[in-house]
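Per the working numbering, the sequence shown starts with residue 681, numbered consecutively.
Every residue, glycine too, gets a C-beta built ideally from N, C-alpha and C.
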Amino acid sequence: MKNSTNPIVEFMENPYRYWTDDYVTSHVGFLRNGMMYEYGFPDDRTDLRNKDRFIAEYIGFLEQKFDFVIVLEMFDESLVLLRRLLCWDMDDILYAVRNKREYEYKNVNNEITMKKHGMWSKADYQLYNHFFTKLRNTVLLQGSGFYREVSLFRRAIAALSKCKLEHFKDWKKELSSKVSGIYSHC
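Here is the structure:
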């Protein structure tokens, strides 16, 4: 696959061509159900890994263990929610985007490949959908002030990304003091 124009599509055409015992031993948690694997999901159990009931019970188990789950596509909303839940100041959630990686293979919007991957990593898709839906529903209950807060937060992050890293702490303090009146949820 080293010379493949789209290794993801090639892999999903016949995953077991590449999914050998040697490969599985060294990469088991990276290619199939990687998120669930990190939380102890028994992906090696072929009798369990695709069973909807077992997956749902495992997700229920994880939900009992974690009070809050951040979803990447709603990262800023997640941080603002955490700020509100934990009564943090704005400067507690500000971050600087550094070394953001651009992915080479962006055009995998092949519906067939996506469907195959969804079946290959069934537990991960269910985990993601569960916590994404839960987070989205929590956000929808927040009211319009929440969206203003997220908008302000994103403007602060955008402004912060223009600053040099060595000035980050001073800038956070200055910004926090300027918007403290707006950020007074707690």
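If distances are taken between C-alpha atoms only, which option among the options comes closest to residue i?
i    : options                   : result
F755 : Y738, I773 and W800       : I773
N790 : S684, I688, K682 and N683 : I688
E690 : L840, M794 and L765       : M794
V777 : I837, N686 and G714       : I837
Q806 : N730, N683, N779 and W699 : N730
I739 : G798, G720, R764 and L762 : G720
V751 : R725, H810 and R781       : H810
S801 : P695, S841 and L759       : P695
What residue does the alpha helix (DSSP H) around residue i start on, and which one ends it?
i    : result
G798 : E791 to W800
P695 : P695 to Y698
D756 : F755 to L766
L832 : S824 to S841
Rounded to the nearest angstrom, how far is the Cβ of residue i from that of residue j, given a contact under 8 Å?
i    : j    : result
M716 : D804 : 6 Å
V819 : E757 : 5 Å
D723 : R733 : The Cβ separation is near 16 Å, so there is no contact.
F826 : V749 : F826 to V749, Cβ: 18 Å. No contact.
Could you give the DSSP three-state label for residue i: helix, strand or coil?
i    : result
Q744 : helix
K780 : coil
V819 : helix
I773 : coil
I750 : coil
D723 : coil
R733 : helix
K682 : coil
L728 : coil
N809 : helix
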